[in-house]
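Here is the structure we will look at, set down as structure tokens.
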Ligand code: SF4
Ligand SMILES: [Cu+2]
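Protein chains in written order, with the numbering used here: chain A, 90 to 222; chain B, 686 to 1346.
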């Protein structure tokens, strides 16, 4: 479907490297999806600036990684799998978002959709964990 | 365990031998010279009997003494009768309290002086008498010249010792007995300073903070160059750039590689404009630039090497005419800026800048490098922030893959990779001089840009020494375009050389270019051919050996240049220091100091230079051996070809020794 942005892999990566590392007491919808929101904003700006898609999507992988590091209060990751996973997922998502924006989907809608599904995913996974305990 | 201990002991012994070898010149020569040690301390004595003194007539005129080489005998009493034919000149003999003023048209008698220290001394003009005043020099040779003899003997001895060392103990991973593969991760291993340095270098403002003062100096250079005193040594633009900066750079290379390029103002303006930022990283990565690609055929050191040569052909012009220097810097900064706006990367620095070219060429001798901690991690990391950039920094503006980089040549130490790497994998390492030089020499096949940079640099240190400190006026007159008088903008017509002056300059230009571009490379090729014959190998073409061996000129040339730089500073330190207080040469005294010109320890300069020459020679021989080992996989052929090359290196060292000793 047009403008269908899959966050499945991202939420897997976030569960592993982001959500589990946040040390804030109250985890809100905003906190859960913050790096993604910033990433989507970044892509929107890049498109408006007329940048080229391939390079920018790859760069977005690094943007996502650095946002996650920032969000979890770290300067570096010493885990190469983490850097590679986040990079890969960020790049893939950036491609989807890029296409969706170019196809005319509005920024607000994309954000809503992404945040919504990420939050659901987060709840679902946490539910599972709790019931598994 | 025991084995390791044995090795360590062997190492230490060799380090000691090398150290002794380097210190020996100072000791032995001093001992021999002093024959009667006490007398050395007061080598030039005013004699009380006037009777038998020999009179030597000297004329001083812009900018030479005539005769320019004066021989006297040890113990002889001399009276110098110096006549100035034009303006006021000074008469100074190195390291002695002989300092006389020679007014225009007058004759002044100096002496009688007795010469009890053999060797070569410089007679220098001590009063600024015009643009070429610092070059007004004559040689005074006190015979028999033991010093030269000892210097020659030590040079030959060094060559033989190092040859014996490589023959018996030489190994691929040892340079002069020291393990060249040992590196120290400065940011991690050095306490306090390491982490501090890391913080500073990861701070985005550091670049700007380092560049800003240099940019301000640059503005001052333009101002003084265009409007200040037309006499070079009184003008900030000349005194600071061509004495202080020129000399300091050589040291910076050894200790900090291309650190100058961290703070260089030439490409900075273009970089700021293209980035649309002074300090920060723009989150939308759009260059204010035409975003063209740099042509592959220009992505090498050829233009840089040639621009260094061209700059050197004009050096006597540059260092005596503030206006000319200012125009050169103006051209460079405009080029640096414009090129960045066409291709948004440091291609000006990689391929055009004359300073960048030789700094990069020699930077492989540095004890300093920016490298990845583990290349394996970089290779397994597709994010490659060091290339592409991240929100923390720009992708390598020098167009390297920092994580996989194996040489210093094109690393301009902007530290963007240190800021970018999310895995904390980039660092600064301290290492042995020329740690990766042999590998680089072997790797770089069929590219001769750096080889020729080596020939140019090596030949030019000899020409610079002749022009700056030699007694031969005709060479200086050639290089100077035969224009005796300097100029400023008000008299710009004087800058246009006369036909005769231009013809003279052509002599100089052709001579220097011929030696640097053709004669020396040809001789080097000849020796490489002989070395190949001596090694009795068939499968390696001479051109590959020629190319690889030429890299040993990098450490060798650098030590010679450091020797030149030390001389430059010791003799002329007063000019740049005073230039800070009086940048325009208008007689200001901003900081309340004005030093009289006098050289520091001028009679010891050769003894400082000799160990450097010998170190360069030793490094050259040893690196040749390591490169040969890599080529031939056998000690015998490696040794034989090294021995052949050693003849050439020793010859070149002797030439230099002759100039200084
Ligand atoms: S290469 Fe030249 S212009 Fe570039 S930073 Fe180095 S010295 Fe400056
Ligand atoms: Cu003079």
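No residue lacks a Cβ here, since even glycine has one placed at the ideal position from N, Cα and C.
Cβ proximity to chain B below 7 Å picks out 131, 134, 135, 138, 140 from the stretch 129-144 of chain A. Residue 806 of chain B has its alpha-carbon roughly 7 Å from the corresponding atom of residue 1288 of chain B. By the neighbour-count criterion, in which 16 or more other beta carbons inside 10 Å mark a residue as buried, residue 1226 of chain B falls on the exposed side. Close to residue 1070 of chain B, with beta-carbon spacing below 7 Å, are these residues of chain A in chain order: 151. Per the Cβ contact rule, the stretch 821-838 of chain B is in contact with the stretch 752-765 of chain B (3 or more Cβ pairs under 8 Å).
In the structure shown, the three-state DSSP call for residue 1092 of chain B is coil.
Membership of residue 746 of chain B in the beta strand (DSSP E) is indicated by the continuous run 739-746.
Looking from the CA of residue 906 of chain B, the closest CA among B:885, B:930, B:1234 belongs to B:930. In this structure, the C-beta of residue 815 of chain B approaches ligand 2 to less than 8 Å from one of its heavy atoms. Interface residue (Cβ-Cβ distance to chain A less than 9 Å): residue 1076 of chain B is classified as such.
Of the other Cβ atoms in all chains shown, fewer than 16 fall within 10 Å of the Cβ of residue 165 of chain A; this residue is therefore exposed.
Around the CB of residue 1222 of chain B, 16 or more other CB atoms lie within 10 Å, so the residue is classed as buried. Collapsing the DSSP output to three states places residue 773 of chain B in coil. Counting C-beta pairs with one atom in each stretch, the stretch 1116-1125 of chain B and the stretch 959-973 of chain B have fewer than three that are closer than 8 Å, which means they do not touch.
The Cβ-Cβ distance between residue 1299 of chain B and residue 832 of chain B does not fall below 9 Å.
Here the C-alpha atom of residue 1148 of chain B lies approximately 7 Å from the C-alpha atom of residue 1197 of chain B.
Of the residues assessed, residue 119 of chain A falls on the exposed side of the cut-off, its CB having fewer than 16 other CB atoms within 10 angstroms. Taking all protein chains in view, the Cβ of residue 904 of chain B is surrounded by fewer than 16 other Cβ atoms within 10 Å, so the residue is classified as exposed. When DSSP reads this structure, residue 758 of chain B sits in a beta bridge with B:828. With respect to chain A, the C-beta atom of residue 1081 of chain B has no partner C-beta closer than 9 Å. Residue 1262 of chain B and residue 1280 of chain B have their alpha carbons spaced roughly 8 Å apart.
The beta-carbon of residue 172 of chain A is placed less than 9 Å from the nearest beta-carbon of chain B. Residue 1072 of chain B places its beta carbon less than 9 Å from that of residue 1086 of chain B. Here residue 1055 of chain B is bridged, per DSSP, to B:1113. Per DSSP, reduced to three states, the secondary structure at residue 143 of chain A is helical.
For residue 751 of chain B, there is no enclosing alpha helix (DSSP H); the enclosing beta strand (DSSP E) has its first and last residue at 749-751.
Residue 766 of chain B is not a Cβ neighbour of residue 783 of chain B, given a cutoff of 9 Å. Straight-line measurement puts the Cα of residue 1031 of chain B at about 10 Å from the Cα of residue 946 of chain B. Fewer than three pairs of CB atoms, one per stretch, sit closer than 8 Å, so the stretch 182-202 of chain A makes no contact with the stretch 154-168 of chain A.
With a threshold of 9 Å between beta carbons, residue 964 of chain B makes no contact with chain A. Here the alpha carbon of residue 1215 of chain B sits roughly 13 Å from the alpha carbon of residue 1229 of chain B. The stretch 1124-1132 of chain B makes no contact with the stretch 882-891 of chain B, as fewer than three CB pairs between them are under 8 Å. In the displayed model, residue 975 of chain B falls within coil according to three-state DSSP, outside both helix and strand. Collapsing the DSSP output to three states places residue 1075 of chain B in a strand. In the structure shown, residue 784 of chain B falls within a strand segment according to DSSP collapsed to helix, strand and coil. DSSP places residue 1160 of chain B inside the alpha helix (DSSP H), whose first and last residues are 1158-1164.
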